[in-house]
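J.:
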Amino acid sequence: MQKIYVRPMSLSYGLNAYNLIKIKKALPICGNKKIAFSNIEIIIRDKKNKF
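The numbers in the working numbering rise by one with no breaks, and the one at position 8 of the sequence shown is 8.
#1: For residue 4, count neighbouring Cβ atoms within 10 angstroms of its own Cβ and tell me buried if that reaches 16, exposed if not.
#2: Who are the near neighbours of residue 45 in its chain, counting only those whose CB is closer than 6 Å to its CB and skipping five residues on each side?
#3: With respect to the beta strand (DSSP E) encompassing residue 3, which residues constitute its N-terminal and C-terminal limits?
#4: Hey, how far is the Cα of residue 32 from the Cα of residue 18?
#5: Suppose contacts are defined by Cβ-Cβ distances below 8 Å. Is residue 40 in contact with residue 1 by that definition?
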């Protein structure tokens with residue numbers, strides 16, 4: 001079974017984050033406009049079940 005994880009990268013805080021969200025260069029984390037990220041890393045892991 002595959003497991004997919006998403007890791008936010010390039011974090012910004014405070015007024016800088018608010019401005020990046022406003023010009024749509026970053027997304028807020030959990031709707032909080034004081035913390036934003038502009039890149040993500042996608043990690044896919046294959047898990048082999050042992051019975």
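Beta carbons are placed, not taken as given, at the ideal position from N, Cα and C, and that holds for glycine. Bear in mind that the values here come from a model prediction, so they are computed numbers and not experimental data.
T.: Taking the geometry as given:
#1: The residue you call residue 4 lines up with position 4 of the sequence shown. Exposed is the call here.
#2: Walking along the sequence shown from the start, residue 45 turns up at place 45. Taken in chain order, the residues that qualify are 3.
#3: Here the question's residue 3 lines up with position 3 in the sequence shown. Run containing residue 3: 2 to 13, per the beta strand (DSSP E) assignment.
#4: Counted from its first residue, the sequence shown places residue 32 at position 32. Counted from its first residue, the sequence shown places residue 18 at position 18. Inter-residue distance for residue 32 and residue 18 is about 9 Å (C-alpha atoms, whole angstroms).
#5: Reading the sequence shown from its first residue, position 40 is the one you call residue 40. Reading the sequence shown from its first residue, position 1 is the one you call residue 1. Against a cut-off of 8 Å, the Cβ pair of residue 1 and residue 40 comes out as no contact.
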